[in-house]
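Q: Protein chains in written order, with my numbering: chain E, 1 to 132; chain Y, 1001 to 1499.
1. For the beta strand (DSSP E) that contains residue 1191/Y, what are its first and last residues?
2. Which full runs of the beta strand (DSSP E) of 3+ residues lie inside the region 59 to 108 of chain E, going along the chain?
3. Using alpha carbons as the reference points, say which of 119/E, 67/E, 97/E, 123/E lies closest to residue 1406/Y.
4. Taking residue 1401/Y as the reference, give the member of 1027/Y, 1439/Y, 1321/Y with the closest Cα.
5. What residue ranges within the region 1235 to 1282 of chain Y form continuous beta strand (DSSP E) runs of no fewer than 3 residues, ordered along the chain?
6. Check distances from the C-beta atoms of the region 80 to 98 of chain E to those of chain Y and list, in chain order, the residues that come in under 7 Å.
7. Which residues in the same chain have their Cβ closer than 8 Å to the Cβ of residue 1432/Y, if we skip the five residues on either side of it in sequence?
8. Consult DSSP for residue 1313/Y and reduce its assignment to one of helix, strand or coil.
9. Report the rounded CA-to-CA distance for residue 1479/Y versus residue 49/E, giving the unit in angstroms.
10. Rounded to whole angstroms, what is the Cα-Cα separation between residue 1125/Y and residue 1040/Y?
11. Residues of chain Y with a CB under 7 Å from the CB of residue 50/E: which are they?
12. By a C-beta neighbour count over all protein chains shown, 10 Å radius and 16 as the cutoff for buried, is residue 1047/Y buried or exposed?
13. Three or more C-beta pairs under 8 Å: does that hold for the region 1003 to 1016 of chain Y against the region 1052 to 1068 of chain Y?
14. Classify residue 1002/Y: buried if its beta carbon has 16 or more other beta carbons within 10 angstroms, exposed otherwise.
15. Using 10 angstroms around the beta-carbon of residue 1373/Y, count the other beta-carbons present and answer buried if the total reaches 16, otherwise exposed.
16. Based on Cα-Cα distance, which residue from 1244/Y, 1159/Y, 1262/Y, 1043/Y lies nearest to residue 1254/Y?
17. For residue 1386/Y, which residues of its own chain have a beta-carbon under 7 Å away from its beta-carbon, when the five flanking residues on both sides are left out?
18. Establish whether the CB of residue 1426/Y and some CB of chain E are separated by less than 7 Å.
19. So that I know if they touch, is there some Cβ in chain B lying closer than 7 Å to that of residue 113/E?
20. What residues from chain Y crowd round residue 56/E, counting only those whose CB sits closer than 7 Å?
21. Alpha carbon to alpha carbon, what distance is there between residue 63/E and residue 1114/Y?
22. Does DSSP put residue 1346/Y in a helix, in a strand, or in coil?
23. Going along chain Y in order, which residues have a C-beta closer than 8 Å to the C-beta of residue 62/E?
24. Do residue 1202/Y and residue 1212/Y count as a contact pair if the criterion is CB distance below 7 Å?
25. Along the chain, where does the alpha helix (DSSP H) containing residue 1426/Y start, and where does it finish?
26. Measuring only between beta-carbons, confirm whether residue 1356/Y sits less than 7 Å from chain E.
27. Less than 8 Å between C-beta atoms, sequence neighbours within five positions excluded: which residues of the same chain meet that for residue 125/E?
28. Determine the DSSP secondary structure at residue 43/E, reduced to helix, strand or coil.
29. If you draw a straight line from the C-alpha of residue 1228/Y to the C-alpha of residue 1185/Y, how long is it?
30. Smallest Cα separation from residue 1389/Y: which of 1015/Y, 1217/Y, 1426/Y, 1399/Y?
31. For residue 1453/Y, which residues of its own chain have a beta-carbon under 7 Å away from its beta-carbon, when the five flanking residues on both sides are left out?
32. Please list the residues of the region 1413 to 1442 of chain Y that have a C-beta atom closer than 8 Å to any C-beta atom in chain E, keeping them in chain order.
33. Just the Cα atoms here: how many angstroms apart are residue 1079/Y and residue 1029/Y?
34. Measuring only the C-alpha atoms, how far is residue 1013/Y from residue 1098/Y?
35. Compute the distance between the beta-carbons of residue 1420/Y and residue 1274/Y, then report whether it is under 7 Å.
36. Contact between the region 1343 to 1361 of chain Y and the region 1273 to 1288 of chain Y: three or more CB pairs below 8 Å?
As structure tokens, then:
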């Protein structure tokens, strides 16, 4: 390889490495984050708000048979929740519930009510209060 | 006479006549004796044990335990030699909260007859006596070197601080016999009798005052003490035994006309692994998990209900510490991941820790000590403890932990799992603080208390009780520093008796 060719390629390679480095840094977290496939089904719009439908489903599996009890403690079904998240980000809905002490326990885990309801939907494909 | 005298060398039928006799050489007895060092009075301190542990003396503490929860054997929960139970304490120190002494409409039998300030003004000296560094407690603050602090949303639980009765990681907590033995020996107005067991408190025929104390040694010597004033400082359990067993004048025992002596026995329940703490960022300052040297003290953080939350939610005192790191099972991992993700925060570095606690129990007159027909080597009846803990005691603490979980969620910093739900689960995790309190409770009214606000026994002119036996309610703070403060207050009162 001639010296001239080397001199021409060096800036190109340097630029390429820099681009890869920037991209890797920018998306680094996403590269290492577990893949979380989107949910499907009648409540997928709500389940996908969790950002982790698989974990939502796993938590929801603990709620089987508790629909009636949970519904009595949690007036908000899917309809209300859909209205809420139009106006307010899901995370903000949950932090407001925490502030308002609107919480439920799932096998001892203290969680916001709306999140528990969504986990139930993820696991069963049914609305908490419709099932009750 | 030497300052420390072995009672086994005292001739039979000797009659001591001090101005003041202190029964018991534990933290309360030591504190009182030293606080009166400058008084122109003759003080006699009677200690059942010697300078070191002796099995035959310790056996005098044996008793029976029953009730609806397992308790520690009565001869294992305390120590009977000079220094008393400071010979085996852990050094955890924290002042009572003001609300711990409040009368609460929703809590039967609550309320101290003295103001918080009456006790608090003695905290600095009490803290000094137990070598816990400058009394800072909730004035301690996070330092950057510990990494990010644990963030809580606004609410009913806050970060509080223990200090420890030691100033370095290699120190042991102050054992009063070892640390202050020489001070007592040098005290001009004090005589200490070792191996001297009080076997009876003899009231005057009209029962209005204490006439004399009968004392015996395990070697068979017997003698008497006829003091002007007497202070019982042998702990909430042994005080009860002496008072109930001394029944020659009053059939129900000394100071027990209203059947209160021995009732309301109290201790801090210490259930283990009560809850799991998860922090999404996986980082917790080391002062949560162990005592660290900071701002002149050895300190450790704990979660406590706030003064506002306690009455609002009708919970009692509790102090929750962070213990060991624990793994997350698949459900736990899912709960953590979906919660963090929904809140818009990362959980890839999340870590979990088990939490333990010390909790106050609601006053219960049926949690009590009574005499049995079995007798010890000195002929005194042994005790039986009926130990009780209610579902409400557990439920109150659970509310506090739920509140902690709420505040973590609100701050998007973490979450909590409540690990104990049924009574069986709570009982399987139970341990005890060995903090004996309540059996000679303090009240202005003889119908609701054994001693008055000055710790003088109702109806007996010259008999006082020092120590945590007089605490009517007791919060969740370890009692040693607080009982020392109360004893310092008693010392001030006793000084007034001799002016």
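Using N, Cα and C, we set each Cβ at its ideal position, and we do this for glycine too.
A: Put simply:
1. 1190 to 1194
2. 103 to 106
3. 97/E
4. 1321/Y
5. 1275 to 1279
6. 90, 91, 94, 95, 98
7. 1071, 1072, 1077, 1267, 1268, 1269, 1270
8. helix
9. 50 Å
10. 22 Å
11. 1338, 1341, 1342
12. buried
13. no
14. exposed
15. exposed
16. 1244/Y
17. 1066, 1067, 1366, 1367, 1368
18. no
19. Annotation note: the requested chain B is absent from the structure, which comprises protein chains E and Y.
20. 1338
21. 51 Å
22. coil
23. 1331
24. yes
25. 1423 to 1428
26. no
27. 41, 42, 43
28. coil
29. 22 Å
30. 1426/Y
31. 1113, 1114, 1442, 1444
32. 1415, 1416, 1417, 1418, 1419, 1421
33. 14 Å
34. 48 Å
35. yes
36. yes
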